[in-house]
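Below: the structure, in structure tokens.
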Amino acid sequence: MTDQRKPRVGLASTSEVRDRYIAEPDLERLQKFAEFEWREFNEETRWDASPSTSVETMAEFRKFVGRLDAVIVCHGSPRVGESVICASPNLEFIGELEGDRFAQRIDVDTAIRHGVRAVDTTHGSSYPVSEWALGMMLIGLRNAGAHYRRLIANEEWGSADQRDNEADFSKNEELTGKTVGLIGAGYIARRLIELLKPFGVDLLVHDPYVQSELASSLGFTLTTLEAVMSKPDVVVCLAPLTPGTQGMIGEEQIAMLKPGAVFVNVSRGAIVDSYALISRLESDDITACLDVFDPEPIPVDSKIRLLPNVFLSPHIAGTTERSRTRFFEEMVGELERHFSGHETMHNLTSRVLANRRGQ
0 MTDQRKPRVG LASTSEVRDR YIAEPDLERL QKFAEFEWRE FNEETRWDAS PSTSVETMAE
60 FRKFVGRLDA VIVCHGSPRV GESVICASPN LEFIGELEGD RFAQRIDVDT AIRHGVRAVD
120 TTHGSSYPVS EWALGMMLIG LRNAGAHYRR LIANEEWGSA DQRDNEADFS KNEELTGKTV
180 GLIGAGYIAR RLIELLKPFG VDLLVHDPYV QSELASSLGF TLTTLEAVMS KPDVVVCLAP
240 LTPGTQGMIG EEQIAMLKPG AVFVNVSRGA IVDSYALISR LESDDITACL DVFDPEPIPV
300 DSKIRLLPNV FLSPHIAGTT ERSRTRFFEE MVGELERHFS GHETMHNLTS RVLANRRGQ
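Using numbering that gives the first Met the number 0, you'd call the opening residue of the sequence shown number 0 and step up by one each time.
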């Protein structure tokens, strides 16, 4: 911007996003330095495809974005592609509010080429996801899912001596001092590493996009996927779903889990071969705690629902009231930094694009 007017900031999303994600204090903070406008759109977005938008809706979207200095996109928004960017002479900032940070709502290559800043605040859910990952690790080590199933089935709660001889109770471990493997070292993993510090665990991490300097500073060992699957007592899947990670944990990798290991998935179900995981779980020598599955919802006749060594939750890890408002709070911070001439913190870059493509 070269004039003295306030920048025009717009949000393209469903009405649910507007109602649940925008807290009044954050909106007031934004309106101190910008004019804000919301416009309703209801396009379907998938991680592996751009929104399929009609000619009429795209024309409306171009008209909306065309007079903005910054546009925020979220669930329901059409794609901010070349035709939109080229029709928006004042546009200098595009923000992905929340959803899947590998969704296709922003043409980042085109934005970079036109000098438009692209940022992403999806990491706002890293706090609740990391907390739930830690909770699932503890649940898995204590085999609490099996105990819960028995209690709600009104089974007898035997004496301590009796329980010591039962298989469900022999799987009763603590996290302190264990070896933990993390698949992925993004925002969620880094928050989880902070939460794990009091437990004194040894950390093995696989992430092909992480530098060794980061591993040293955060206190983990950067290693291969094979090592992360085979050596730890607990393995946590935190990788994003991309063409390169879809099906990455298959039969061969699941077979590497050592007997007694706990496998936790709080990322995306399609990263794991569901049939191979169920097959290994049926041998009853590992435990799984899953917030995500493939497909979702889990079919009512799926074997995974009945296995005693499985704890399930319905993709709730990142869904809290606080995390919803945190996305917009973080985005306002990015807008504030950008329009005051400071560097933004959560940029979508060519490196992120390479990660998206599994390169």
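We put the CB at the ideal spot given by N, CA and C, even for glycine.
These numbers were taken from a predicted model, which means no experiment stands behind them.
At a cut-off of 4 residues, the continuous stretches assigned as alpha helix (DSSP H) that sit fully inside the stretch 167-208 are 186-195. Per DSSP, the unbroken beta strand (DSSP E) holding residue 69 starts and ends at 69-72. Within the same chain, and ignoring the five residues on either side of residue 92 in sequence, the residues whose Cβ sits closer than 6 Å to its Cβ are 69, 116, 337. With a contact defined as Cβ atoms closer than 8 Å, residue 265 and residue 180 miss out at about 14 Å. Counting the other Cβ atoms within 10 Å of the Cβ of residue 131 gives 16 or more, which makes it buried.
Under the three-state reduction of DSSP, residue 22 is assigned to coil, being neither helix nor strand.
Rounded to whole angstroms, the gap between the alpha carbons of residue 331 and residue 208 is 28 Å.
Per the DSSP secondary-structure output, residue 9 pairs in a beta bridge with 36, 70.
The three-state secondary structure of residue 63, taken from DSSP, is helix. The beta carbons of residue 219 and residue 233 sit no closer together than 9 Å. If the five residues before and after residue 41 are omitted, its C-beta is found closer than 7 Å to the C-beta atoms of 13, 75, all from its own chain and listed in chain order. Here residue 284 carries a coil assignment [DSSP, helix/strand/coil]. Distance from the Cα of residue 290 is smallest, within the candidate group 298, 315, 272, 173, for 315. With three or more CB-CB distances shorter than 8 Å, the stretch 134-145 counts as touching the stretch 300-314. The stretch 235-298 contains, as complete beta strand (DSSP E) runs of 3+ residues, the segments 261-264, 286-289 (chain order).
Contact annotation, residue 67 with residue 118: C-beta distance approximately 15 Å; criterion of less than 8 Å not satisfied. Between residue 213 and residue 238, the CB-CB gap reaches or exceeds 9 Å.
Residue 88 is positioned such that its CB atom lies no closer than 9 Å to that of residue 50. Between residue 122 and residue 20, the CB-CB gap reaches or exceeds 9 Å. At least 9 Å separates the beta-carbon of residue 327 from that of residue 18. Collapsing the DSSP output to three states places residue 144 in a helix. The closest CA to that of residue 294, considering only 30, 245, 191, 171, is found on 245. Here the stretch 267-278 makes contact with the stretch 241-255; the two share three or more CB pairs at distances below 8 Å. According to the DSSP assignment, residue 83 belongs to the alpha helix (DSSP H) that extends over 81-85. At a Cβ-Cβ threshold of 9 Å, residue 259 and residue 172 count as neighbours. Counted as a single uninterrupted DSSP element, the alpha helix (DSSP H) harbouring residue 213 occupies residues 211-217. Taken through DSSP and simplified to helix, strand or coil, residue 332 comes out as helix. Residue 32 places its beta carbon less than 9 Å from that of residue 335.
Annotation: the continuous beta strand (DSSP E) that includes residue 95 extends over 92-95.
Rounded to the nearest whole angstrom, the C-alpha separation of residue 63 and residue 344 is 26 Å. With 16 or more other Cβ atoms from the protein chains shown falling within 10 Å of its own Cβ, residue 241 counts as buried.
With distances taken between CA atoms, residue 38 lies nearest to 16 out of 16, 23, 54, 27.
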